[in-house]
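Residue numbers (the numbering used here): 401 to 544. We put the CB at the ideal spot given by N, CA and C, even for glycine. For clarity, every value in this text was computed on a predicted model and none was experimentally measured.
Have a look at this one:
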């Protein structure tokens with residue numbers, strides 16, 4: 401993502417950057433895109449446009465509900481991408497004129513269209529070096 405944004409106004413950020421979700425609330429997403437001016441020594445995104453979270457078992461519910469709601473309440477955020485770490489899948493939430501819409505991404509061929517920053521992010525790139533756990537072909541294989 402960083403290379404795709406090179407030379408543009410917006411830039412990718414990593415978990416060392418924070419996003420202010422309320423006057424007293426700060427979150428540290430796994431990744432994202434900031435389109436605001438850089439502030440000296442600040443670790444806070446000045447105009448976050450995209451927030452990306454990799455769902456982990458311990459924080460999955462919190463990320464999918466509370467943190468998602470907090471991010472969608474931030475005026476500058478136009479996309480929230482939730483990534484499943486165990487399967488090539490995710491959810492892309494996009495702000496539109498009539499509110500937020502959800503797109504479910506279900507395969508490595510899927511792409512996340514981050515229109516607010518002019519970026520198409522293929523899931524195949526996100527999962528480039530990921531080895532997925534082997535899942536049984538069907539429930540019969542598990543139950544015997």
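Does the distance from the CB of residue 445 to the CB of residue 417 come in under 8 Å?
yes
Quick one: grab the DSSP three-state call for residue 492.
strand
My output table needs one value for residue 460: the three-state DSSP class, helix, strand or coil.
Residue 460 falls in the helix class under three-state DSSP.
At 3 residues or longer, what runs of the beta strand (DSSP E) sit wholly inside the region 500-532?
511-514 and 519-522
Between which two residues does the beta strand (DSSP E) carrying residue 482 extend?
479-483
Kindly indicate the opening and closing residues of the alpha helix (DSSP H) around residue 470.
468-472
Quick one: what's got a C-beta closer than 7 Å to residue 497's C-beta in the same chain, skipping five residues either side?
none
Counting only runs that start and end within the region 401-426, where is the alpha helix (DSSP H) found for 4 or more residues in a row?
402-405
Give every residue of the same chain whose Cβ lies closer than 7 Å to the Cβ of residue 420, excluding the five residues on either side of it in the sequence, and list them in chain order.
426 and 444
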